[in-house]
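Numbered by mature numbering (1 follows the signal peptide of the UniProt record, and there is no 0), the letters in the sequence shown go through residues -34 to -1, 1 to 241 in order. Heads up, the beta-carbon is just placed ideally off N, CA and C, and yes, glycines get one too. These figures come from a predicted structure and were not determined experimentally.
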Amino acid sequence: MLVHRSGSARGRRFAVTGILLAAFSLVFTLPADAASAADVPARGSAHMGMGVAAHDGEHGTPVPGRAAQTEGVDVSSHQGNVAWSTLWNSGVKWAYAKATEGTYYTNPYFAQQYNGSYNVGMIRGAYHFATPDTTSGATQANYFVDHGGGWSRDGKTLPGALDIEWNPYGATCYGKSQSGMVSWIRDFLNTYKARTGRDAVIYTATSWWTQCTGNYGGFAANNPLWIARYASTVGTLPAGWGYYTMWQYTSSGPTVGDHNKFNGALDRVVALANG
C-alpha cells in the first residue's frame, strides 16, 4: 500500500525549482562575465594616458599663451612605425617612446620609434608603464634601464619617464595602499637614479595621484612632472609641484594622437636632456 508522506511532493517541487533557478542564473550571468573579461586589455598593451579621457574627461585643447612651449609626442606599439619626418615638419621637436611594461613586455617598435625620432633631429626619451602589482619598483626600474630606458649626455636624450596611472588590468591603485604606492614609486625612482645618474620624469594625472598616493608631494623637489589633462588649461597640479615640465593635452592629435607641450622653449628641452 502506498503511503502519502506530507510535504514530499512540495519538497520535490522546491528542488526542481532550485535547479531551474540555478540554471537560469548561470545562463544569464555568463555573458556578463565574458563581457567583463573581454573588456580587460591584453598585458603589454597599456600606453600613456589610456585612462585619462575615461576618468577625467576631455575638455578642449590648450589656449595659446605668450609663454614659449615646445610641441612633443609620445608613442607606443599602437602607433607602429611612425612617420617622424611628417611630425618634425609639423613642428614636433621632442618625443617619448614606450620601452617597457612591468617586467614582461618590451615594445617591438621601440627601435624605429626611439632611433627614428633621434635621426630626424628630435630630442627623445623612453618611458616605462608601471604595474606595481606584478613586481617591485626596483625590479621594474632595472628592467626598464636594461631594455632601452637608459640615459646618455648627448644633448638629445631625455631622462626616462615613469608612467604611473590607472591600472587598465584591474584595481585602480593596483591593490596598494597610498603609503604602499608611494614606497613602490620611491623604490623605482631611487633605482633608476642609481643606474643612470638622472632623476626620472613622473607622468601622472592629478586625480589618480590624489587617489592612489594621497596626493604625496615628496617627489616634487627632484622629479620633473609630466601631467596628463585633456583640457584648455593644465588645471590643479599634484601636491609639491609648483609647475609642470610637460603636459599631455590630447590623445587625438594629427599623425600621432598623443600630443604634449613642453613648458619652455627648445633650449629648455635641451637643458633637461643635458641634465
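> Quick one, which of G17, Y182 and Y158 has its alpha-carbon nearest H94's?
Replying inline: Y158
> Distance, Cα to Cα, T105 vs E37?
Replying inline: 32 Å
> What residue does the alpha helix (DSSP H) around W174 start on, and which one ends it?
Replying inline: T172 to T179
>> So, under 8 Å CB-CB, A65 and R90 are touching, yes? Tell me the CB distance rounded to an integer number of Å.
In response: Going by Cβ atoms, the distance from A65 to R90 rounds to 11 Å, so no, they are not a contact pair.
>> For A104, report the span of its alpha helix (DSSP H) as first-last.
In response: G103 to D112
> Straight-line CA distance for R9 to T100?
Replying inline: 11 Å
> Quick one: what's I89 bridged to in DSSP?
Replying inline: W60
>> Spatial neighbours of Y182 within its chain, please: C-beta separation below 6 Å, excluding the five flanking residues on both sides.
In response: V148
> Taking all protein chains shown into account, do 16 or more other C-beta atoms lie within 10 angstroms of the C-beta of residue 242, making it buried, or fewer, making it exposed?
Replying inline: Nothing about residue 242 can be read from this structure; the chain reaches only from -34 to 241.
> So what does DSSP say about T72, is it helix, strand or coil?
Replying inline: strand
> Near N188, what residues of its chain come up, given a Cβ to Cβ distance below 6 Å and the 5 sequence neighbours on each side ignored?
Replying inline: D165
> Do you know whose CA, among W192, P74, T162 and A107, lies nearest N47's CA?
Replying inline: P74
> DSSP state of Y80, grouped into three classes?
Replying inline: helix
> Are H13 and D224 touching if we call contact CB-CB under 9 Å?
Replying inline: yes
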